[in-house]
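Asks:
Protein chains: 4
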Amino acid sequence: MVQIATANPITKERFLDIRSRTEEICKSLKPEDVSIQPVDFVSPPKWHLAHTTWFFETFVLLKYKSNYQVFHKDFGYYFNSYYNNVGERVIRANRGMMTRPTLDEIIAYRAYVNEHIAQFLEDKVEKDICDVIEIGLQHEQQHQELLIYDIKYIFGHQPSFPKLDFEIKLESENSTQEFIKIDEGIYDIGHNENCFCWDNELGQHKVYLHGFEISNRLVTNKEYVEFIEAGGYQDFNLWHADGWDWIQSNQINAPLYWYKVDGKWMHYTLQGFKAIEANLPVNHLSFYEAFAFSQWIDMRLPTEFEWEVASPHLEYGQLWEWTNSAYLPYPNYSKAEGAIGEYNGKFMVNTMVMRGASVASPKGHCRPTYRNFFTPETRWQFSGIRLAR
Amino acid sequence: MVQIATANPITKERFLDIRSRTEEICKSLKPEDVSIQPVDFVSPPKWHLAHTTWFFETFVLLKYKSNYQVFHKDFGYYFNSYYNNVGERVIRANRGMMTRPTLDEIIAYRAYVNEHIAQFLEDKVEKDICDVIEIGLQHEQQHQELLIYDIKYIFGHQPSFPKLDFEIKLESENSTQEFIKIDEGIYDIGHNENCFCWDNELGQHKVYLHGFEISNRLVTNKEYVEFIEAGGYQDFNLWHADGWDWIQSNQINAPLYWYKVDGKWMHYTLQGFKAIEANLPVNHLSFYEAFAFSQWIDMRLPTEFEWEVASPHLEYGQLWEWTNSAYLPYPNYSKAEGAIGEYNGKFMVNTMVMRGASVASPKGHCRPTYRNFFTPETRWQFSGIRLAR
Amino acid sequence: MVQIATANPITKERFLDIRSRTEEICKSLKPEDVSIQPVDFVSPPKWHLAHTTWFFETFVLLKYKSNYQVFHKDFGYYFNSYYNNVGERVIRANRGMMTRPTLDEIIAYRAYVNEHIAQFLEDKVEKDICDVIEIGLQHEQQHQELLIYDIKYIFGHQPSFPKLDFEIKLESENSTQEFIKIDEGIYDIGHNENCFCWDNELGQHKVYLHGFEISNRLVTNKEYVEFIEAGGYQDFNLWHADGWDWIQSNQINAPLYWYKVDGKWMHYTLQGFKAIEANLPVNHLSFYEAFAFSQWIDMRLPTEFEWEVASPHLEYGQLWEWTNSAYLPYPNYSKAEGAIGEYNGKFMVNTMVMRGASVASPKGHCRPTYRNFFTPETRWQFSGIRLAR
Amino acid sequence: MVQIATANPITKERFLDIRSRTEEICKSLKPEDVSIQPVDFVSPPKWHLAHTTWFFETFVLLKYKSNYQVFHKDFGYYFNSYYNNVGERVIRANRGMMTRPTLDEIIAYRAYVNEHIAQFLEDKVEKDICDVIEIGLQHEQQHQELLIYDIKYIFGHQPSFPKLDFEIKLESENSTQEFIKIDEGIYDIGHNENCFCWDNELGQHKVYLHGFEISNRLVTNKEYVEFIEAGGYQDFNLWHADGWDWIQSNQINAPLYWYKVDGKWMHYTLQGFKAIEANLPVNHLSFYEAFAFSQWIDMRLPTEFEWEVASPHLEYGQLWEWTNSAYLPYPNYSKAEGAIGEYNGKFMVNTMVMRGASVASPKGHCRPTYRNFFTPETRWQFSGIRLAR
């Protein structure tokens with residue numbers, strides 16, 4: 009989580025703009041919606057609102073603003089996430105126990121911290137404090153995306169299927185499928201541009217790639233329905249051993265949020281419960297499913313290096329794309345000291361890399377070197393398939 | 009769940025009075041507080057508010073009020089509890105997933121059903137419909153008590169320890185301990201008075217009791233602290249095998265809500281986080297703990313029959329009192345047909361009887377023949393110890 | 009576990025006779041069969057052989073025989089069962105880890121202890137040592153019965169369904185069903201005869217019984233198949249809530265060891281895999297199943313007191329019979345001091361009483377006051393149904 | 009699992025020699041030792057003996073030997089492992105239920121199949137049948153290594169710590185530590201020699217490596233004790249998030265089989281329970297522990313490509329060495345059709361690559377391109393650390 013000189017300077021306006029988008033996402037939530045945690049990997053929306061604020065309070069105001077008074081003495085304990093270095097924290101699985109502070113109190117907390125940061129930005133701010141604020145903003149934007157995933161999970165798992173009043177829309181994948189050829193050779197991988205990036209993208213280095221081809225578009229709902237109807241979820245030859253166990257023990261037979269109603273595939277979307285549209289890219293797949301589909305169609309998933317090299321030739325940004333690369337450090341990767349260093353490195357085992365971005369990603373979170381990562385069974389994120397061969 | 013002629017007739021006033029008390033209990037709850045389910049046996053407060061209303065809608069209005077239009081077509085599915093006979097239901101462990109309908113909608117639902125029942129009660133109502141309404145009111149009152157337990161659990165398991173603005177207060181057990189002697193002989197057990205009772209109290213019958221003595225008061229915090237300090241939680245000779253396993257695997261060493269802070273016993277109460285008061289009756293014990301305490305002090309818990317026979321001589325009503333009786337049917341017990349019959353009989357295994365009542369019990373829920381029951385490890389209910397020998 | 013003067017004096021011959029029966033039961037076991045523990049509640053046969061021997065070594069030879077040298081210094085640690093008072097022990101769920109000592113070593117251990125006890129019995133032995141030996145023999149006989157259950161479980165859960173070369177055979181229940189009437193009144197319950205009994209039978213006391221009727225025979229396979237075919241396992245009205253959960257989560261739809269093969273009910277018996285015989289008493293039922301059957305046929309299970317009072321009129325001894333009584337202490341029950349006292353009392357919660365005896369019970373373990381007990385879901389014991397109404 | 013022309017031709021002698029080594033490993037096992045499965049990932053020794061035999065019977069004799077009569081009609085069902093393509097199988101977690109067939113019967117099964125294969129090898133055998141036999145032999149050798157791990161687990165988890173009468177011995181890592189420098193450049197990875205290899209080694213391809221250094225020896229017990237004593241297991245900064253959870257929930261504070269007795273580190277070895285020797289390479293570490301150690305000492309684990317390129321400069325073969333590479337397919341990897349194809353590919357997720365070989369590896373299973381793989385928490389295999397930087 010180290011950042012280099014950025015094209016977007018830290019200004020009061022940019023800060024408040026990004027911060028307000030978080031609240032914008034939540035504007036149609038009721039207080040009843042914001043404190044539940046239906047499953048361990050989903051956090052209560054209230055928690056996202058508070059935790060992103062805690063970040064600025066802890067790493068900026070408490071460190072650099074003289075005489076800063078915390079909004080509430082216990083919030084540091086309540087809203088730390090997984091930064092073991094910043095002291096005891098409410099464990100992740102218990103976030104959904106905390107009905108207090110209320111949403112209104114959290115909104116007041118946000119306003120209080122916003123005001124203090126805005127004041128702080130009136131004066132000239134040192135480069136390395138700017139860097140921390142930049143990280144805080146990037147961090148907030150990542151939570152904006154998680155918020156959308158978590159709200160969708162909360163709404164999608166109750167019988168009334170509420171809608172979210174915030175524009176998130178997939179486009180059809182209408183292009184005829186073509187395969188782009190990339191030649192064998194040595195390529196540069198990793199970040200070297202003059203803008204923000206995470207520590208896991210740094211350490212530009214060479215990778216030798218053998219020739220390959222990659223699809224110009226994502227797999228569609230229509231294609232995925234064919235896989236289902238052809239018995240893809242019943243043929244163990246297509247699956248990893250762990251994937252097969254996972255579909256067996258969880259009785260998985262379709263993407264998340266899909267239901268077969270009267271012989272027709274329906275799914276929950278943030279615009280409500282709807283019929284599947286054939287040409288939209290298929291969404292909410294685990295790595296296991298993405299892999300099995302690729303086996304069925306006799307192709308494979310690209311590696312993250314192939315993806316990055318091919319990226320100038322691709323249209324992307326609708327859904328995060330599963331790669332067949334495990335999330336591992338680049339040569340010379342070294343994590344930052346202290347709490348900030350806990351952000352990425354400690355997840356570099358048991359996770360797979362996703363590349364691209366999604367319609368839920370904030371502006372500026374879509375770049376060719378961005379490395380997103382999830383455990384292979386997760387699928388509440390916006391996740392699709394691009395084929396390679 | 010059969011009721012006999014009742015001293016409290018069904019009137020609009022009585023109906024609305026009982027109904028409004030439920031809302032009174034909840035008046036200091038925030039919407040954030042009402043939709044979480046921190047653990048399987050605790051239901052979200054919103055759910056109690058809705059489920060008790062659903063009872064009147066389903067078993068009274070839909071059955072007996074002509075042209076009744078349900079408030080919302082899906083609420084029957086959402087708020088059924090465990091009545092398998094009334095169709096598919098949201099399973100208990102998922103109640104905490106439902107953030108919608110909101111608290112306001114539930115309050116509107118309550119008002120709507122109240123109004124319809126009130127209208128309905130303007131006219132003369134048949135005896136057996138009155139019986140169903142009576143059951144609905146008794147049921148609502150039982151949920152009032154559960155609401156208090158569940159709110160206490162929700163508030164007591166988060167770091168800010170909120171208070172509840174509703175009067176629930178234990179009195180000191182100041183009387184000098186004395187043991188009341190009951191002679192050997194044949195006694196009548198069970199309900200025969202001219203007022204409401206549950207089906208599990210019916211079937212008055214004879215029981216032969218051998219002579220015994222029973223304490224005039226409950227065990228106090230002071231006495232229980234002595235048990236703790238004497239190593240009661242470390243001596244397996246005092247415990248049932250299952251009780252010993254339970255304290256080992258859950259690392260239990262004090263009643264629920266107790267914490268040792270700087271060498272002093274503190275506990276969460278609905279009035280906040282406080283020091284233990286020596287003369288209050290010890291509360292929030294499991295059957296296992298109540299039993300172990302009785303062994304330690306070389307006495308025993310009374311049976312439910314002993315308790316009932318001794319009851320005219322006792323002051324009770326502060327805390328439910330664990331007996332050493334398993335919850336089993338009385339001779340000639342037969343459960344009612346259909347959904348109503350599911351209320352009591354199907355729990356007659358693996359549970360222990362509690363007798364008396366608690367400060368959280370609504371008026372009229374304290375009678376000598378009342379049989380409450382819980383599994384032996386539960387202790388979020390208001391539960392204490394009376395000794396026998 | 010206190011015994012009174014016994015009609016069967018302790019002699020070398022009686023001692024060796026009972027001890028050799030244990031080995032007789034195991035004579036067709038292979039060494040491969042004796043060290044596995046397929047499920048927590050089943051112990052490896054080797055463990056039974058050793059543990060019963062350890063009892064005599066620990067409570068007789070080490071206490072009363074001067075200069076006794078233990079067979080092996082670590083066996084005390086290996087083969088203690090659940091006597092917390094006798095020091096650290098190999099926990100129950102890990103018994104199946106111990107492949108050593110081998111069966112031959114255990115047989116040698118048995119011979120060694122037998123020889124020492126036999127020597128010891130050459131001389132006149134004090135009454136209270138005789139009492140301990142008597143308990144050891146009774147204890148060994150209880151393990152003989154458990155051995156048969158455990159071997160059946162081990163053999164019945166593997167694809168080759170081995171046979172046991174030891175005579176255990178059920179007889180047909182051919183009598184026409186009749187119901188024996190017992191009058192209302194006061195009856196004596198508990199043990200007062202001049203022979204061995206367990207502590208849980210002591211404390212003879214009066215019980216008031218209301219009039220009832222009890223069947224002259226056990227429920228047969230034929231009758232139970234009717235219950236299955238009538239959908240008994242699908243009708244939740246017949247089941248306790250816990251029973252319903254149990255059949256759902258374990259997908260239970262027939263007694264243990266039953267399989268439907270080509271439309272015909274088959275079961276594993278110690279004589280091999282066979283078709284069900286219509287007139288044999290139905291075996292291997294949990295309490296939940298016994299209860300559900302009784303509901304279906306519109307009767308009930310007797311209480312243990314009804315059973316005991318009716319026992320002179322009954323033929324019993326084929327299968328242990330579930331009663332609707334929880335296993336609780338009799339008035340004035342007090343457990344013995346120390347390790348011996350751990351035998352019965354600590355199981356007096358969450359278990360149900362079975363009365364009678366089974367074809368797997370050793371001679372002398374069938375008496376009207378005998379109280380056997382199991383948790384309600386267990387059914388690897390020989391367990392059947394007698395109806396009351 | 010494709011093999012190319014092999015330097016070791018298939019002969020009767022070589023076949024019988026490899027087969028007899030399996031029995032040699034088991035020669036000091038008692039029948040009691042061979043049928044237990046103490047934990048899911050450990051198989052009963054008897055099962056290894058039978059399963060490797062089943063391989064030859066199923067894939068060679070049944071396919072290619074005319075009129076071959078199976079030894080026993082049910083063994084195919086009993087001893088299939090995870091080949092979903094060969095029909096229903098006894099699930100892995102239940103292997104420890106099967107006490108029958110006995111060890112003697114399995115030995116007879118081995119002899120029977122050996123004899124038939126030996127006969128079969130008297131005549132000239134086609135190349136592709138030879139290939140299958142070669143795979144069977146390699147497969148048997150892999151099970152020889154697993155057998156040693158599993159026996160160690162079985163013996164190391166019981167209080168008597170039995171010894172294994174089969175020579176397995178680690179040597180001291182006495183060389184002074186030096187770091188071998190490897191230059192940046194393009195290197196060939198994967199198998200191309202004229203001998204057997206697994207399918208996962210095939211597809212020789214180019215990899216671009218940046219310059220690095222790698223240690224000439226493994227980490228020793230002495231060094232690892234320093235890590236422990238320095239609080240390595242208490243410092244979350246050194247661990248992956250999943251690793252930290254794993255040590256917390258399993259209370260891990262030392263390698264598998266290590267115990268601190270009277271302030272001194274002891275461990276179970278196949279030669280018995282012994283004091284740790286300072287200069288032996290540290291064994292029985294999970295990937296998480298190997299990684300944390302490398303962080304503590306401010307270095308890292310090599311990737312599998314670095315390891316392979318450096319291998320001509322290294323002494324290896326004492327312990328499998330954890331790399332920081334996830335187990336993934338090489339470019340152009342394609343799994344074989346049918347059952348044989350299930351061997352490797354389906355494990356290419358959630359596992360990490362180990363390189364080298366161990367003292368438990370059979371001759372011929374040590375080559376620079378060999379890719380072993382395990383989930384990151386496993387450590388019953390012989391597993392150590394080589395550092396890179």
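Protein chains in written order, with my numbering: chain R, 9 to 397; chain U, 9 to 397; chain S, 9 to 397; chain B, 9 to 397. Positions of the beta carbon are idealized from the N, C-alpha and C atoms, including for glycine.
Taking only beta-carbon atoms, is U:I44 less than 7 Å away from chain R?
Replies: Position 36 of the second sequence, counted from the first residue, corresponds to residue 44 of chain U. Closer than 7 Å to some Cβ of chain R, the Cβ of U:I44 qualifies, so yes.
Asks: How about S:R363 and S:E329: are their beta carbons less than 7 Å apart?
Replies: For the purposes of this step, residue 363 of chain S is taken as the residue at position 355 of the third sequence. For the purposes of this step, residue 329 of chain S is taken as the residue at position 321 of the third sequence. In this structure, S:E329 lies closer than 7 Å to S:R363 by Cβ.
Asks: Pick from S:E297, S:D207, S:I222 and S:L172: whose alpha carbon is nearest that of S:W254?
Replies: By 1-based counting over the third sequence, the position of residue 254 of chain S is 246. If we check each option's Cα against that of S:W254, S:E297 comes out closest.
Asks: Which residues bound the beta strand (DSSP E) around U:H124?
Replies: Position 116 of the second sequence, counted from the start, is the residue given in the question as residue 124 of chain U. That residue, U:H124, is in no beta strand (DSSP E); its alpha helix (DSSP H) goes L111 to E130.
Asks: Are the beta-carbon atoms of U:Y265 and U:H292 separated by less than 7 Å?
Replies: In the second sequence, the residue the question calls residue 265 of chain U occupies position 257. In the second sequence, the residue the question calls residue 292 of chain U occupies position 284. Yes.
Asks: What are the residues of the segment 232-243 of chain B that lie near chain R, defined by any Cβ-Cβ distance shorter than 8 Å?
Replies: Hits within the stretch: zero.
Asks: Mind the definition here: the segment 271-278 of chain U touches the segment 206-220 of chain U only if three or more C-beta pairs lie below 8 Å; say whether that holds.
Replies: Touching, no, given that fewer than three Cβ pairs across the two stretches are closer than 8 Å.
Asks: Report the rounded CA-to-CA distance for U:R397 versus U:I284, giving the unit in angstroms.
Replies: Counting from 1 along the second sequence, the entry for residue 397 of chain U is found at position 389. Counting from 1 along the second sequence, the entry for residue 284 of chain U is found at position 276. So the alpha carbons of these two residues sit roughly 28 Å apart.
Asks: Okay, do the segment 75-90 of chain B and the segment 181-190 of chain B touch, 3+ Cβ pairs below 8 Å being the bar?
Replies: The segment 75-90 of chain B, when compared against the segment 181-190 of chain B, does not touch it at the 8 Å Cβ threshold.
Asks: Below 7 Å on C-beta distance, what does R:Y216 contact in chain B?
Replies: The residue labelled residue 216 of chain R in the question sits at position 208 within the first sequence. Simply I194, K214, V215 and Y216.
Asks: I'd like to know if B:V10 contacts chain R, where contact means its C-beta is closer than 7 Å to some C-beta of that chain.
Replies: Reading the fourth sequence from its first residue, position 2 is the one you call residue 10 of chain B. Unreliable positioning characterises B:V10 in this predicted model, as indicated by a pLDDT of 48, which lies under 50. A coordinate reading is not provided.
Asks: Which class does U:W206 belong to by DSSP, given the choice of helix, strand or coil?
Replies: Translated into the one-based positions of the second sequence, residue 206 of chain U becomes position 198. The answer is coil: DSSP assigns U:W206 none of H, G, I, E or B.
Asks: On the three-pair Cβ rule with 8 Å, is the segment 104-112 of chain U touching the segment 137-147 of chain U?
Replies: Touching, no.
Asks: For U:G144, name the three-state secondary structure that DSSP assigns.
Replies: Working through the second sequence from its first residue, we reach residue 144 of chain U at position 136. Of the three classes helix, strand and coil, the one that applies to U:G144 here is helix, per DSSP.
Asks: Determine the direct distance from the alpha carbon of B:T386 to that of B:Q212, and round the result to whole angstroms.
Replies: As a first step, residue 212 of chain B is located in the fourth sequence; it is residue number 204 there, counting from the start. As a first step, residue 386 of chain B is located in the fourth sequence; it is residue number 378 there, counting from the start. Their Cα atoms are separated by approximately 29 Å.
Asks: U:Q166 to R:T30, Cα distance in whole Å?
Replies: For the purposes of this step, residue 166 of chain U is taken as the residue at position 158 of the second sequence. For the purposes of this step, residue 30 of chain R is taken as the residue at position 22 of the first sequence. C-alpha separation (whole angstroms): 25 Å.
Asks: Considering only the beta carbon of each residue, do R:R379 and R:E179 sit closer than 7 Å?
Replies: The sequence position of residue 379 of chain R within the first sequence is 371, counting from 1. The sequence position of residue 179 of chain R within the first sequence is 171, counting from 1. No, Cβ-Cβ distance for R:R379 and R:E179 is not below 7 Å.
Asks: Looking at the C-beta of S:K354, does it have a partner C-beta in chain U at a distance below 7 Å?
Replies: Taking the third sequence and counting its residues from 1, the one referred to as residue 354 of chain S is at position 346. So, interface residue.
Asks: Does the CB of B:D41 have a neighbour CB from chain R at under 7 Å?
Replies: Start at 1 with the first residue of the fourth sequence, and residue 41 of chain B comes out as number 33. No - not a single Cβ of chain R is within 7 Å of the one on B:D41.
Asks: What's the gap between the Cα of U:N88 and the Cα of U:Y161?
Replies: Working through the second sequence from its first residue, we reach residue 88 of chain U at position 80. Working through the second sequence from its first residue, we reach residue 161 of chain U at position 153. Going from the Cα of U:N88 to the Cα of U:Y161 covers about 22 Å.
Asks: On a CA-only basis, which of B:V233, B:N224, B:L57 and B:H56 is nearest B:S319? Give me that one, please.
Replies: Here residue 319 of chain B corresponds to residue number 311 of the fourth sequence, with the count starting at 1. The residue with the shortest Cα to Cα distance from B:S319 is B:N224.
Asks: Using C-beta distances below 6 Å, list every residue in its chain close to S:I12, excluding the 5 sequence neighbours before and after it, in chain order.
Replies: One-based indexing of the third sequence puts residue 12 of chain S at position 4. Reliability of the predicted coordinates at S:I12 is poor, the pLDDT of 47 falling under 50, and no value is obtained from them.
Asks: State buried or exposed for B:Q152, treating a residue as buried only when at least 16 other CB atoms are found within 10 Å of its CB.
Replies: Locating residue 152 of chain B in the fourth sequence gives position 144, where the first residue counts as 1. Classification of B:Q152: buried, given that the 10 Å Cβ count is 16 or more.
Asks: Roughly how many angstroms lie between the CA atoms of R:K282 and R:I393, to the nearest whole one?
Replies: Residue numbering aside, residue 282 of chain R sits at position 274 when the first sequence is read from its first letter. Residue numbering aside, residue 393 of chain R sits at position 385 when the first sequence is read from its first letter. Near 22 Å, if we compare the C-alpha coordinates of R:I393 and R:K282.
Asks: If you count every other CB in all the chains shown that lies within 10 Å of the CB of S:Q389, and 16 or more means buried, which is it?
Replies: By one-based count along the third sequence, residue 389 of chain S stands at place 381. Flag for S:Q389 reads buried.
Asks: Taking C-beta pairs closer than 8 Å, name the residues in chain U that R:M105 reaches, listed in chain order.
Replies: For the purposes of this step, residue 105 of chain R is taken as the residue at position 97 of the first sequence. Residues of chain U passing the Cβ test: I44, P46, I162, H165 and Q166.
Asks: Should R:N16 be labelled buried (16 or more other beta-carbon atoms within 10 Å of its own) or exposed?
Replies: Start at 1 with the first residue of the first sequence, and residue 16 of chain R comes out as number 8. That one is exposed.
Asks: Around the Cβ of U:T58, are there at least 16 other Cβ atoms within 10 angstroms (buried) or fewer (exposed)?
Replies: Here residue 58 of chain U corresponds to residue number 50 of the second sequence, with the count starting at 1. The amino acid at residue 58 of chain U is misidentified as Thr; the sequence shows Ala. The residue is buried, with at least 16 neighbouring Cβ atoms inside 10 Å.
Asks: Do R:E316 and R:V361 have their C-beta atoms within less than 7 Å of each other?
Replies: Here residue 316 of chain R is taken as the residue at index 308 of the first sequence, counted from 1. Here residue 361 of chain R is taken as the residue at index 353 of the first sequence, counted from 1. No.
Asks: Identify the continuous beta strand (DSSP E) that holds B:Y265 and give its terminal residues.
Replies: The count along the fourth sequence starts at 1 and reaches residue 265 of chain B at position 257. Segment: none, B:Y265 is in no beta strand (DSSP E) and carries neither H nor E.
Asks: For B:W55, which three-state DSSP category applies?
Replies: Taking the fourth sequence and counting its residues from 1, one reaches residue 55 of chain B at position 47. Residue state, collapsed to three classes: helix.
Asks: I'd like the ranges of any alpha helix (DSSP H) spanning at least 4 consecutive residues and lying wholly in the segment 226-271 of chain B.
Replies: Those alpha helix (DSSP H) runs which fall completely within the segment 226-271 of chain B and span 4+ residues are 229-237 and 249-258.
Asks: Are there 16 or more other CB atoms within 10 angstroms of the CB of U:T377, so buried, or fewer, so exposed?
Replies: By one-based count along the second sequence, residue 377 of chain U stands at place 369. So U:T377 counts as buried.
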